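Presented below is the structure to which this report refers.
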Ligand code: VGL
Ligand code: ZN
């Protein structure tokens with residue numbers, strides 16, 4: 140069984156948001172069309188408490204895009220974004236969310252960031268998505284959303300490691316691109332064996 144996985148299609152990652160992905164909102168009409176082709180729809184929502192450890196503002200002398208060493212490895216520091224309950228954490232207002240059956244919130248632990256829909260950045264703490272998918276008999280995930288080089292990439296890579304067949308719909312994702320991170324993300328996903336496709340191959 141297949142499902143559509145809509146990653147972090149939230150105001151703060153769209154134009155004018157705190158952690159803007161260039162042209163982020165341009166994928167919304169494509170995702171809205173794709174929704175009709177799926178019976179199972181899953182969304183993720185970046186959902187940080189204020190003062191989250193991934194925010195540059197939580198550290199002395201740090202700016203967004205600087206990095207720090209956490210217990211679990213190197214962490215990029217971000218502007219404050221997707222703060223729980225804020226407008227920036229809401230889904231894009233034009234996104235059709237009514238058909239979504241489960242929303243995985245992630246990044247709510249103050250000391251750990253969480254890019255992937257499956258694991259937090261310590262690569263130990265699970266979101267519970269694997270169990271949900273297995274319980275429902277979902278084997279194939281068609282991934283769309285933001286940002287290609289962070290939350291989308293980590294979801295795809297972890298999904299493959301968790302034993303799912305991962306697909307990425309190229310015209311329904313957009314990236315941030317910090318120092319070549321976008322090309323690196325595509326290389327990593329492809330070397331892991333992701334299936335890359337275009338939305339029209341599903342919509343036709
Ligand atoms: C994301 C950076 C920080 C993402 C979330 O959705 O790709 N990136 N939090
Ligand atoms: Zn975040």
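Residue numbers (the numbering used here): 140 to 343. Idealized CB from N, CA, C, for every residue including glycine. Since the model is a prediction, treat every value here as computed from it, not as a measurement.
- Alpha-carbon spacing of residue 303 relative to residue 202, whole angstroms: Straight-line measurement puts the Cα of residue 202 at about 37 Å from the Cα of residue 303.
- Item | Where residue 217 falls: helix, strand or coil (DSSP) | For residue 217, the three-state secondary structure derived from DSSP is strand.
- Message: With three or more C-beta pairs closer than 8 Å as the rule, is the stretch 156-172 touching the stretch 278-286?
- Response: Touching, per the Cβ criterion.
- Message: Any heavy atom of the ligand VGL closer than 7 Å to the beta-carbon of residue 254?
- Response: Proximity of the beta carbon of residue 254 to the ligand VGL is indicated: a heavy atom of the ligand is located closer than 7 Å.
- Item | Endpoints, alpha helix (DSSP H) assigned at residue 301 | From DSSP, residue 301 is part of no alpha helix (DSSP H); its letter is neither H nor E.
- Please report how far the alpha carbon of residue 174 lies from the alpha carbon of residue 199, in whole angstroms. Using only the alpha carbons, I get a separation of about 43 Å.
- Item | Near the ligand ZN: residue 231 beta-carbon under 7 Å from a heavy atom | Outside the cutoff, so no.
- Item | Check: residue 239 C-beta below 7 Å from any heavy atom of the ligand VGL | Flag unset: Cβ of residue 239 not near the ligand VGL.
- Query: What is the DSSP secondary structure of residue 228, reduced to helix, strand or coil?
  - Reply: Helix, per DSSP.
- Consider the C-beta atom of residue 217 and the heavy atoms of the ligand VGL; say whether any pair is separated by less than 7 Å. Yes; taking the cut-off as 7 Å, the Cβ of residue 217 has a heavy atom of the ligand VGL nearer than that.
- Supposed contact pair residue 242 and residue 179 - C-beta distance, whole angstroms, cut 8 Å: Between residue 179 and residue 242 the beta-carbon gap is near 13 Å, outside 8 Å, which marks them as no contact.
- Message: Which of the three DSSP states is assigned to residue 174 in this structure?
- Response: In this structure, residue 174 counts as helix in the three-state DSSP scheme.
- Query: Which residue comes first and which comes last in the beta strand (DSSP E) that contains residue 142?
  - Reply: Note, residue 142: beta strand (DSSP E), 141-146.
- Query: Is it a yes or a no for the stretch 308-320 touching the stretch 251-258, going by three-plus beta-carbon pairs under 8 Å?
  - Reply: Fewer than three pairs of CB atoms, one per stretch, sit closer than 8 Å, so the stretch 308-320 makes no contact with the stretch 251-258.
- Segment limits, alpha helix (DSSP H) that includes residue 272: From DSSP, the alpha helix (DSSP H) with residue 272 extends over 268-275.
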